[in-house]
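J.:
Below is the structure:
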C-alpha cells in the first residue's frame, strides 16, 4: 500500500490562524497563534498551546486572561508580523486598535470580525509549552458577519496555516453539510443490518 | 464600532476534519473529530477533546492510545457517518481497511493520506469532556502526498468543519507565505523605530 513513516513534526493539518492577545506589564501584546482548539463543550472552553519562551506565556501566567482574535485574509501581513517579533524586544501594543469586554487583560482587536475573551481555568505544563485552557467569557462580532444570526465563515473570511510548508490559505468552497452528508449511508447500513 | 456580544458557542472557526481511531473491546472504532491541536512542540504532541459520553472516550481510557486520521474531500460521506452513529450501538470496525504501526490500539485508516498514532501522556478532566494529550509516536503517509519531502496540503486534500452552521469546506488558495509575509512590515517598523 506504499505507506511510509515521516518525521513526527510533519503532518500539514491546516490550523485556523488567530492572534493571541494578552497584557504584558500592563500593555497589550499580540502573537500569531495557530495551535488552539475547543477543549470543553459545556461550558465552552478553548485550549491554546504557547511556548514557554514566548512573552505571551509570561503574560498569561501573570494575568490569567487572554483573547483569541480571528483576522481576515487582508490582515495577513500584520498577523504574520506578530509572529516574527517578540514582545520581549518590541512593544506591539500600538499595532491594533483594541477594545475590552469584561476581562481587562484580554485586548480585543477591533478590526477582527470575531474576538473571544477567555479566563484561564487550567494550565497544563508540558515539556516545551504550556497548554492553557480558558473558559470563554465573551465573544464579540458585528451584525455584518452574521447570516441568520450565526457567524458566517464566508463573511468572516479567516485564513489557515499549514506547516512545515509554511503557507497561509483561504477557506475554499462548501462541499457538504455536516451531521447530514452521512445520513444516506446510515440508512443503507441500517438496511444491510 | 458596532460590536455585539454573541452566544459563547458561536464563533465559527474552521477546524480540520479528522477521524479518531481507537480500540473498543478489542475492535477498531472510529469517530469524527474536529477539536484537536498541537499541544506541545518538542516532543510533538496532539491534544484532542472527547465528550465523556462517547464510546471513544471509554476506549481511550482503556488503552491509552488513539490515532488521528486525515480524510480527503472524497471521504466526506463516510467521515460524517462516523459522527452520526455511536460505537455504543453500531460496530464501525468494518468501515475502513486499516493497518497498524507500533501502537496496537491505534487503527490507521489506509485510505487516509495522513495517519498519526498517539500515546496518551496526560488526561485533563473537564466538565463535559476529557482533553487527552498524546505524544505522536508514528506518522504514516505515502510518497504521492509529498512535495520536496514535505506533506503537501493540496495533494492531501483535507477538509474543514465550521460550526454552528455545520458545513464542510475545502481548503482554498494559498494567499501568502508564513514567517515571511510580515517581513516588509518588520523592516518598516524598525526604520520608524
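Residue numbers (this note's numbering), protein chains in the order written: chain A, 1245 to 1437; chain B, 1245 to 1437.
For each residue, glycine too, the CB sits at the ideal point set by N, CA and C.
Hey, does residue 1273 of chain A have any beta-carbon neighbour from chain B nearer than 8 Å?
T.: no
J.: What three-state label does DSSP hand residue 1340 of chain A in the structure shown?
T.: coil
J.: State yes or no: is the beta carbon of residue 1386 of chain B nearer than 8 Å to at least one beta carbon in chain A?
T.: yes
J.: Going along chain A, which residues have a C-beta under 9 Å from residue 1266 of chain B?
T.: The contacting residues do not exist; residue 1266 of chain B stays about 18 Å from chain A at best.
J.: Where does residue 1455 of chain B fall in DSSP's three states?
T.: The first residue shown for chain B is 1245 and the last is 1437, placing residue 1455 of chain B beyond what the model contains.
J.: Where does residue 1267 of chain A sit, in a helix, a strand or coil, going by DSSP?
T.: Strand.
J.: Can you tell me the Cα-Cα spacing of residue 1423 of chain B and residue 1429 of chain A, whole angstroms?
T.: 43 Å
J.: Give me the residue from A/1409, A/1425, A/1397 with the minimum Cα distance to residue 1417 of chain A.
T.: A/1397
J.: Identify whether residue 1281 of chain B lies in helix, strand or coil by the three-state DSSP scheme.
T.: strand
J.: Measure the beta-carbon distance from residue 1308 of chain B to residue 1364 of chain B and round it to whole angstroms, keeping in mind my assumption that it falls under 8 Å.
T.: 5 Å
J.: Could you name the residues of the region 1406-1425 of chain A whose beta carbon sits closer than 9 Å to any beta carbon of chain B, in the order they occur along the chain?
T.: 1406, 1407, 1408, 1409, 1410, 1411, 1412, 1413, 1414, 1415, 1416, 1417, 1418, 1419, 1420, 1421, 1422, 1423, 1424, 1425
J.: Count Cβ pairs between the region 1249-1261 of chain A and the region 1382-1397 of chain B that sit closer than 8 Å; are there 3 or more?
T.: yes
J.: Would you mind working out which of A/1351, A/1356, A/1338, A/1284 sits nearest residue 1319 of chain A, comparing C-alpha positions?
T.: A/1356
J.: Which residues mark the beginning and the end of the alpha helix (DSSP H) in which residue 1406 of chain B is found?
T.: Not the alpha helix (DSSP H): residue 1406 of chain B falls in the beta strand (DSSP E), residues 1403-1406.
J.: Can you grab the Cα-Cα spacing for the pair residue 1353 of chain A / residue 1341 of chain B, in whole Å?
T.: Going by the C-alpha atoms only, they are around 46 Å apart.
J.: Can you confirm whether residue 1321 of chain B, when its beta carbon is compared against all beta carbons of chain A, has any partner nearer than 8 Å?
T.: yes
J.: Which residue from B/1261, B/1411, B/1271 puts its Cα closest to that of residue 1302 of chain B?
T.: B/1271
J.: Closer than 7 Å, Cβ to any Cβ of chain A: which residues of the region 1289-1309 of chain B, in chain order?
T.: 1289, 1291, 1293, 1295
J.: With respect to the beta strand (DSSP E) encompassing residue 1305 of chain A, which residues constitute its N-terminal and C-terminal limits?
T.: First-last for residue 1305 of chain A: 1299-1307, but that is the alpha helix (DSSP H), not the beta strand (DSSP E).
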